[in-house]
Structures are given as structure tokens and as C-alpha cells.
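For the record, the sequence lines run as chains A and B.
Yeah, the first sequence ends on 251 if you go by numbering that gives the first Met the number 0, and it's all consecutive.
Yeah, the second sequence ends on 582 if you go by numbering that gives the first Met the number 0, and it's all consecutive.
Quick reminder that beta carbons are idealized off the backbone N, C-alpha and C, glycines included.
Keep in mind that this is a model prediction, so the values were computed, not measured.
Down below is the structure, laid out as C-alpha cells.
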Amino acid sequence: MLKVSGLTKKYGDFTAVDDISFEIKRGEIFGFLGPNGAGKTTTIKMITGLLRPSAGGIVLNGLDLLKSEDNFKSARKTMGYIPDSPNIYEKLTGWEFLNFVCGIFDCDWEESKALALEYLKRFNILKDAGSLIETYSHGMRQKLVFTSALIHKPEFIIVDEPMIGLDPKNVRVVKEIFREIATNGGTVFLSTHTLSVAEEMCSRVAIIFHGKIIALDSVENLKKCVEFKNEENFAGKNLEEVFLALTKESDE
Amino acid sequence: MSNSKIIRIIYPKIWSYKNFYKAISSFSLIILLIVALGVLGGSYYGASAVFEKINSLPLIAAPLKGYLLNITCFSFFCMLVLSSMLSSMSTLFTSKDLNLLFSMPLSYRDIFFAKYIETSFFSVTSAFIIFAVAILAFNNSYQSASAGSYFLSMIIAAPFFYGLPVAIGCFISLIVSKFFPVNQARKVMYYLAIFFFIFLIVMLRALEPEKLLSVEKIEAFANFLLSSNVPRFEYFPSSWIASAIESIFKADIGRFFYLNLTASYFLTFFSLFLCVITASYIYHECYLKYQQEQESENGIESKILKIIFDPVFNLASRVYSVFLKMLSRDLACVLDKDIKTFFRTQTLMVQCFMMIVVTVFYLYNITLMPVATKTLPADIIDMFSFGNIGVVALIVTSYAIRFIFPVFSIEGKAFYIVKTSPIDIKKYMRLKFYSNLFPMSFFALVLCVLSNYFMSSRPLIFMLSICDTVLFTYFICHFNLYLGIIFPVLDASVSEIPASFGGFISMIICAAYAWIVLILEAVIMYFEFFSRYNFSFSTFNLWEYLALFISVTTVAAFTIIGYKYPRKLAFEKMTNFYEEIRL
Numbered sequence: 000m001l002k003v004s005g006l007t008k009k010y011g012d013f014t015a016v017d018d019i020s021f022e023i024k025r026g027e028i029f030g031f032l033g034p035n036g037a038g039k040t041t042t043i044k045m046i047t048g049l050l051r052p053s054a055g056g057i058v059l060n061g062l063d064l065l066k067s068e069d070n071f072k073s074a075r076k077t078m079g080y081i082p083d084s085p086n087i088y089e090k091l092t093g094w095e096f097l098n099f100v101c102g103i104f105d106c107d108w109e110e111s112k113a114l115a116l117e118y119l120k121r122f123n124i125l126k127d128a129g130s131l132i133e134t135y136s137h138g139m140r141q142k143l144v145f146t147s148a149l150i151h152k153p154e155f156i157i158v159d160e161p162m163i164g165l166d167p168k169n170v171r172v173v174k175e176i177f178r179e180i181a182t183n184g185g186t187v188f189l190s191t192h193t194l195s196v197a198e199e200m201c202s203r204v205a206i207i208f209h210g211k212i213i214a215l216d217s218v219e220n221l222k223k224c225v226e227f228k229n230e231e232n233f234a235g236k237n238l239e240e241v242f243l244a245l246t247k248e249s250d251e
Numbered sequence: 000m001s002n003s004k005i006i007r008i009i010y011p012k013i014w015s016y017k018n019f020y021k022a023i024s025s026f027s028l029i030i031l032l033i034v035a036l037g038v039l040g041g042s043y044y045g046a047s048a049v050f051e052k053i054n055s056l057p058l059i060a061a062p063l064k065g066y067l068l069n070i071t072c073f074s075f076f077c078m079l080v081l082s083s084m085l086s087s088m089s090t091l092f093t094s095k096d097l098n099l100l101f102s103m104p105l106s107y108r109d110i111f112f113a114k115y116i117e118t119s120f121f122s123v124t125s126a127f128i129i130f131a132v133a134i135l136a137f138n139n140s141y142q143s144a145s146a147g148s149y150f151l152s153m154i155i156a157a158p159f160f161y162g163l164p165v166a167i168g169c170f171i172s173l174i175v176s177k178f179f180p181v182n183q184a185r186k187v188m189y190y191l192a193i194f195f196f197i198f199l200i201v202m203l204r205a206l207e208p209e210k211l212l213s214v215e216k217i218e219a220f221a222n223f224l225l226s227s228n229v230p231r232f233e234y235f236p237s238s239w240i241a242s243a244i245e246s247i248f249k250a251d252i253g254r255f256f257y258l259n260l261t262a263s264y265f266l267t268f269f270s271l272f273l274c275v276i277t278a279s280y281i282y283h284e285c286y287l288k289y290q291q292e293q294e295s296e297n298g299i300e301s302k303i304l305k306i307i308f309d310p311v312f313n314l315a316s317r318v319y320s321v322f323l324k325m326l327s328r329d330l331a332c333v334l335d336k337d338i339k340t341f342f343r344t345q346t347l348m349v350q351c352f353m354m355i356v357v358t359v360f361y362l363y364n365i366t367l368m369p370v371a372t373k374t375l376p377a378d379i380i381d382m383f384s385f386g387n388i389g390v391v392a393l394i395v396t397s398y399a400i401r402f403i404f405p406v407f408s409i410e411g412k413a414f415y416i417v418k419t420s421p422i423d424i425k426k427y428m429r430l431k432f433y434s435n436l437f438p439m440s441f442f443a444l445v446l447c448v449l450s451n452y453f454m455s456s457r458p459l460i461f462m463l464s465i466c467d468t469v470l471f472t473y474f475i476c477h478f479n480l481y482l483g484i485i486f487p488v489l490d491a492s493v494s495e496i497p498a499s500f501g502g503f504i505s506m507i508i509c510a511a512y513a514w515i516v517l518i519l520e521a522v523i524m525y526f527e528f529f530s531r532y533n534f535s536f537s538t539f540n541l542w543e544y545l546a547l548f549i550s551v552t553t554v555a556a557f558t559i560i561g562y563k564y565p566r567k568l569a570f571e572k573m574t575n576f577y578e579e580i581r582l
């Protein structure tokens, strides 16, 4: 589904993302972990086309995104992006915003409306959908962004810190939605600090540190790998311990 | 009240200003400084010219300057009370740092006092600089005045103007917020301020003050002024400070000077004391009330507008939806979003309303001018009509700075939605351009046609005006939209965006472009003027034809460069938007 090879982003002398490569298959929930400033958001912005890579390649559904703008445009129709901060048009109502997103993705409003209605109900913001977004709380905005990213039925969802501002009930709703997408053959690229969510949801995780991918495997295999290196028993320990051990090791 | 705590609360604001200016390149700072000095120098020059005229009328010079100083202080004072009321509503209740401040171990009085200083700085400083320039011109118009008298007058005026109007403004805000919902009260005060301002302009203009100073009436006016006892708002605080300043200029410091000064300062400190005491009792309560309020979509203005305009809205929305259907789905959605955002942004609507009022007055002024009453020779009317092209261009520029320049900045942080969608960026830019060009062209042409009609311009000037207006509007819209993209302002309110560096640059270039084109077109005027006195085109020599050719080609070259280059830069900026700005 997504193949990233040798992806690099430089800002002058500073290398934010340094030659990273990975591949994500259809139906997979892929976790992308790393400490603050490791290069997670930069990588996401390169995949979504918000940033231009300094080197490397991105292929989505067989389309080489960096080859031409048309490829990117076609790929974007199948992509849903949920950023870490829900900046949206405050002077529109929730419904108007969804209609706007539906329009720019050129999808049928009647069909999308039914889907939006379902997601708004699940997120419990249906009654507020007619109010101006400027009256929404952070969590409500986040839920509206989720809905807007899903109404054009994307095959590939890319999410940056999805759980910020959501209450436990809605965190569960988000997890359910991600599982449904993966079950129906979609792919979720999940960048998060919430390691418990990554451990619970992701079939594989990549850990990025100082712009480089220092580990990429399933959580179980990562535990084994750290056990082997540190000669320490990681059985019963969670992803957080693995993450801290790996990032500490790389720092040293 | 702990001074160190108040200073600590204010420090982050000072640091953020320092960091903001550090982040600006020295080139930008120099440009800003030049523009600011230009505005202040122009204001000083204009005021000095007025005083020079007044001094040339020895009969009335002294009393007239006294009245003018009084009126200046009075207007300045009223304006500051009004702006303090509005800005204190924001600084005291809606400021983003308040949640943090109220959660800290600070007394409510300290927080209030820090916010009072912030309000005072924001609502007074820029106006006070203009006031200082006006006072400098006043000072220089008095023979007995010196540099010392100027500085002394500013020293006594500053505590008064920084203290009293802000204390009154904050006091009113606190009382209003105690009894009414803060959001609604803010809106009501906002609209009241606008209506009051418009009412003031209408009243002043309807008086037709120019009639007072017509040549045949000046003597009668002087006699009236000298013999009558014109009211000077003796019990109004601004009159006390005006009298004190006048005493300094006249070097007549006596009992009344000290009396006026004592009265002004006593009232200032008393108001401040009253304000702080009131705040220590009700500020926190009002703040908590505001926190509990939910901004209602159906605010008071929506309800009033709904009752009045519902039938009109229904008809307009039908026409509007038919119009949207003519566009492709993606473009229709972007346009619909932009139009809704425009009509729901209070600041833009208010500015729009104010601009319409100013335009109506401009046209009204033309009808009063001798050109419209046909008491001037045709050649002079032509000159006025030609100059009018430049004025129309300046009006369009000022509109474009307010409405077109901020278009992309308003989109700002939500731009990722468009950028990550399949929409074509070039198509998106074109839509933004044409959706702004059409209303602006309509307005500019109405302004141009009506002003020329009132001036009874000749057909050639009429045609030239229309052609130039179309050309200018196209260029100005183009330039403002693309400079707004090149210099986006993402963290400011809509009303602050035009005052940014990009806004200044855009305004200067558009105005310069209009004047350069007019200067070049003066060649056409020259041909037209001489052809009227039996010079046929065949009598012009080669050099004159060459001048005509050069002027027309230069206008075309300027327009093409101004059209192509900013668009290219804007497109690059949009493509690489997230390379430079971290959101």
C-alpha cells in the first residue's frame, strides 16, 4: 500500500528525517513512534505532500507521489489526513465544514452525508453539528476533523497524535473505527505518543529517533530483540519499557 | 498590590514583542520605520499648513487655536474612552492567558492591574503618537513656545490620557459585564461605538464647515468668534488638560494652570482608584460568568438581522445557490466557504459598512465641489477628473488592503485541508482572485462612473477614467491577494492583518503604481489639452509621439511585471508553505 524508501528531509545543515525506509501493507495498522522532535510529524507531512522531501521516494497504491503532481492529486483522493491540532474554519458550522470537505474531495454529498451522520452519532457531536465551529471545544473539533477525514472513504488514513483532547469513551470509538478500516482492507498510519494504544492496535511499529528509524517490527519481536541485546527478561513488560530501552540505547 | 507581581505578569507580553521584532528582518524594520515616519511627517506637515493659514488671520488666530486645541483634546479623549471600553472587554475577559493567570497564586487585583496596563498600552499608544505630532504642530504655531514647552506639555498630558480614559473604559466594562452577558455586552458596545462614530461623521459633514471659511464670510465669522462666548466644555476633563497645555504654549503659567492640572490629575487618580476597588470586588466574578457563557450562534445581532432581512436573505440564497451550481463542485465549495466566512466575520462586516459610509461621503463631497456646480472652466474640471482617477485608485487600494490582502491569512492554519485535498492549487488561486475581483470591480466602476458623472467630465476623460479604473482594480486586487499569500499573518486578528509588513508593502506599491500610471498618462492629457486649441494630432512632432509611445508602453510593462511576478512568487509560497511555517 505505502512504500517509503530513503526518505530524507534537511533544513539547511539540520537533518530532520534521515534516510528512512519502510513498507506498509493493506489492512495493516502501522504505529510510528518516537520522542518529541524525532521527525514523526515531518515524515507525515512529507507523505501527505505538505513538505517536499530532500531525497527519497514515496509510493502509494503503486503511484510514485514525488514523480508528478497529478500522481499526488490522485493519491490524495484515497488518503485521509488527521493532524495533531484541529485547525479548521471557525466561521462554518460542523455540517457546512463537512460539506466543504466533501466538495473539495469531489464526492457525492448525499452518500457522504449518511456516512457523516453515522460518525457524528458515534462521536456524540451530532446535536452540535449545526453550530459554528468557533463554539466547539478542542475535543469536539478533533472529532469533527476525524469525521471529515473519513467521509470520502479513504483507503489510507494517516493520523498524527489522534488521542489528544479525546475522552476515554471517544478514544475507544477511534480505536474501533481504526480496526474497522483495517478489517475492510484499509490502512492506518498511526503516529502517537500513547504507547499503550500503539501496543494494543498496531500490527507493527517503527521507532524513529533523531530522524532515523532505530527499530521496525511487531511489538513482540521488538521485545525479543531488546531482550537479546540487553540480556534482560522483557516478558510481561510493555511497549513503554521497550521504547525507553531502545531510545536510551540509541542515545548512548 | 504587589508591583513585582504585576511586572512579572506583564513581562511575557514584553518578551513576546521583543521576540517578534527580533524575528523581523532589518530590511522589513527599516521599511516599517520609513512608512511610520512618512505617516507622522505627513500628519505634521498637514497640521502645520493649517496653523500657518490660521496664523495668517491675526484677528482670529489666538482664539481659533484655543478652540482647536480644546476640540482636539476632547475628540482624542472621547476616542480613547471608546477604544478602552472595547479593548478592555478583550484584555479583561477574552485574553488567552487569563486561564493561566487565574490559576496562579496571584491576587485578582494584581491581574486586573496588569490587564489595565495592557489595555492602556494597546488602546492609547498609537493614538498618543499621532496626538504628540498634532501637539508639536500646535506648539510650533505659538510664538512664545519652545522645545521645552512641547516636552512639558507632553509630560503633563501623558499620565492624564493614559490614565483617565482607560480607567473610565475599564470601569464601564466591569459594570456592564456584571449585569449583562459579556459576549452580548461586547457586541452591543461594538455596534454602539460604530453607530456613534458614523453619527459623528454625518453630523460634522452635514454642517458643511467649508462654508464657514469662504472668503466673503471670514470677517463675519471673526467678529462672531471674538464677540461670542462659544462653549468650551468647561466642566469636561479634556478641557482642563487642554487649558493647561495652552497655558504652557502661551507661557502664561498662573493660578488657572495649577487649578486645571490639579483637577485633571485628581480625577485621573480618583477614577483609577474607583476602578481598582470595583475590580477587586467584581472582576473575578465577571470573569467566571464569562467562562460559563457559551458563545451563541444566535446572538443579539443575528436575531435583529433575521427579523429585518429574512425575506431578502431567502431570495438572495436562492440566487446564490443557482450561481454556485454554475461552478464545478470543488470550486463552489471553496467559494461558498469564503463567502460564509466573510459575512460571519464581524470585523470585516463592520469595515465594509464603514467603507461604504466613507465612499458615500466622498461622492457627496464631489457634488458640493465647484467642479460639480460647473462654476469652473472646463480645463480645470478636466484636471480634477484626471486627479479623481488617482483618488479612486487609492480608495480601491484601501478596500483591497482590508478585504483582499487578509484572504489567505484568514485561511491560514486550516490551509492543510486544501493542500492535502486533490484540489489544484492554481485553480484555487484563480478562484480566490476572481471571487474578489468581481465585487471590487463593480464597486470601483460605480465609484468612477458616479464621480465623473457628478463632475460632468468630458467623454475622453470619462473613458480614460473607466479604462484606468478597470486596469487599477485588476492590478490592485491581483497584487493584494498575492502579497497576502507571500506575507501571511497567521496569529493576528483580521483587523490587524492589513497593518502587517506585507500590508504596508502592498499599500505602498499599489499607491505608487497608481501614481506612476497617472504621471505617464499625463502625456495623453497633454495631447488632449493642446488638440482642443486647434492643434491637430498631425502638428505634433516625432518626439511628442515618442513620448506618447513610451508612456503607453511603460504603463503596459509595469502592469505586466506587476501581474506576472507576484503570482509566480505566491504560487511558490503556497507550494512550499509548510517548509517555512511550522504549524
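Check                                                                                                                                                                                                                              : Outcome
Can you tell which of B:GLU520, B:LEU519 and B:THR396 has the C-alpha that lies nearest to the C-alpha of ALA510 of chain B?                                                                                                       : B:THR396
How should PRO164 of chain B be labelled, buried or exposed, when 16 other C-beta atoms within 10 angstroms of its C-beta is the threshold for buried?                                                                             : buried
Given a cut-off of 8 Å on the beta-carbon distance, is the pair ILE57 of chain A and LEU49 of chain A in contact?                                                                                                                  : no
Looking at C-alpha atoms only, which residue of A:ILE212, A:ILE157 and A:LEU245 is the closest neighbour of THR47 of chain A?                                                                                                      : A:ILE157
Compare the C-beta of ASN69 of chain B against all C-beta atoms of chain A and say whether one is closer than 8 Å.                                                                                                                 : no
Going along the region 312 to 342 of chain B in order, which residues come within less than 9 Å of chain A, judged by CB to CB distance?                                                                                           : SER327, ARG328, ASP329, LEU330, ALA331, CYS332, VAL333, ASP335, LYS336, LYS339, THR340, PHE341 and PHE342
Is the beta carbon of ALA181 of chain A sitting closer than 8 Å to the one on VAL187 of chain A?                                                                                                                                   : yes
Closer than 9 Å, Cβ to any Cβ of chain B: which residues of the region 43 to 59 of chain A, in chain order?                                                                                                                        : LYS44, THR47, GLY48, LEU49, LEU50 and ARG51
Show which residues of chain A have a CB atom less than 8 Å away from the CB atom of PRO421 of chain B.                                                                                                                            : LYS72, SER73, ARG75, LYS76, ILE103, PHE104 and ASP105
Which stretch, first to last residue, makes up the beta strand (DSSP E) that contains GLY56 of chain A?                                                                                                                            : 54 to 59
Since LEU91 of chain B contacts CYS169 of chain B with CB under 8 Å, what's their CB separation in whole angstroms?                                                                                                                : 7 Å
Quick check: is the beta carbon of ASN123 of chain A nearer than 8 Å to any beta carbon in chain B?                                                                                                                                : no
My understanding is that TYR80 of chain A touches THR419 of chain B, with C-beta atoms under 8 Å, so please give their C-beta distance in whole angstroms.                                                                         : 5 Å
Between the region 381 to 396 of chain B and the region 425 to 436 of chain B, can you find at least three pairs of beta-carbon atoms closer than 8 Å?                                                                             : no
If you draw a straight line from the C-alpha of LEU32 of chain A to the C-alpha of ALA22 of chain B, how long is it?                                                                                                               : 32 Å
State buried or exposed for ASP109 of chain B, treating a residue as buried only when at least 16 other CB atoms are found within 10 Å of its CB.                                                                                  : buried
If you follow the alpha helix (DSSP H) that PHE112 of chain B is in, where does it begin and where does it stop?                                                                                                                   : 107 to 140
Roughly how many angstroms lie between the CA atoms of GLU296 of chain B and CYS351 of chain B, to the nearest whole one?                                                                                                          : Since pLDDT at GLU296 of chain B reaches only 45, below the 50 mark, its modelled position is unreliable, and the value read off the structure follows with that caveat. Distance between the alpha carbons of GLU296 of chain B and CYS351 of chain B is about 21 Å.
Closer than 7 Å: is that where the CB of ALA262 of chain B sits relative to any heavy atom of the ligand GTP?                                                                                                                      : Ligands displayed in this structure: none; no statement on the ligand GTP is therefore possible.
Contact criterion: CB-CB distance below 8 Å. Does VAL218 of chain A meet it with respect to chain B?                                                                                                                               : no
Based on Cα-Cα distance, which residue from B:HIS477, B:SER440, B:SER455 and B:ILE485 lies nearest to VAL469 of chain B?                                                                                                           : B:SER440
Can you tell me which of the three DSSP states SER505 of chain B falls into?                                                                                                                                                       : helix
I'd like to know whether the C-beta of VAL417 of chain B is nearer than 8 Å to at least one C-beta of chain A.                                                                                                                     : yes
For GLY138 of chain A, which residues from the same chain have a beta carbon less than 8 Å from its beta carbon, with the 5 sequence-adjacent residues on both sides left out?                                                     : GLY164, LEU165, ASP166 and ASN169
Hey, could you find the ends of the beta strand (DSSP E) ALA15 of chain A is sitting in?                                                                                                                                           : 13 to 23
Are the region 171 to 184 of chain B and the region 279 to 293 of chain B in contact at 8 Å, needing three or more beta carbon pairs?                                                                                              : yes
How do the region 65 to 82 of chain B and the region 143 to 154 of chain B stand: do at least 3 beta-carbon pairs fall below 8 Å, yes or no?                                                                                       : no
Determine the DSSP secondary structure at ARG51 of chain A, reduced to helix, strand or coil.                                                                                                                                      : coil
Please go through the same chain and pick out, in chain order, the residues whose beta-carbon is closer than 7 Å to the beta-carbon of ALA144 of chain B, but skip the five residues on each side of it.                           : ASN138 and PHE248
Could you please give the first and the last residue of the uninterrupted alpha helix (DSSP H) stretch that includes ALA115 of chain A?                                                                                            : 108 to 121
At a Cβ threshold of 8 Å, is ALA98 of chain B touching chain A?                                                                                                                                                                    : Residue 98 of chain B is actually Asn in this sequence, not Ala. Not one chain A Cβ lies under 8 Å of ASN98 of chain B.
Using 8 Å as the cut-off, can you tell me whether the region 94 to 106 of chain A makes contact with the region 330 to 338 of chain B, which would need three or more C-beta pairs spanning the two stretches below that distance? : yes
Please return the same chain residues whose Cβ sits closer than 7 Å to the Cβ of SER82 of chain B, not counting the five positions on each side in sequence.                                                                       : SER122
Considering only the alpha carbon of each residue, which of B:PHE19, B:ILE5, B:VAL488 and B:ALA392 lies closest to LEU444 of chain B?                                                                                              : B:ALA392
Compare the C-beta of LYS90 of chain A with all C-beta atoms of chain B and state if any pair is closer than 8 Å.                                                                                                                  : yes
With a cut-off of 8 Å on the beta carbons, I'd call LEU489 of chain B and SER408 of chain B a contact; round off their distance for me.                                                                                            : 6 Å
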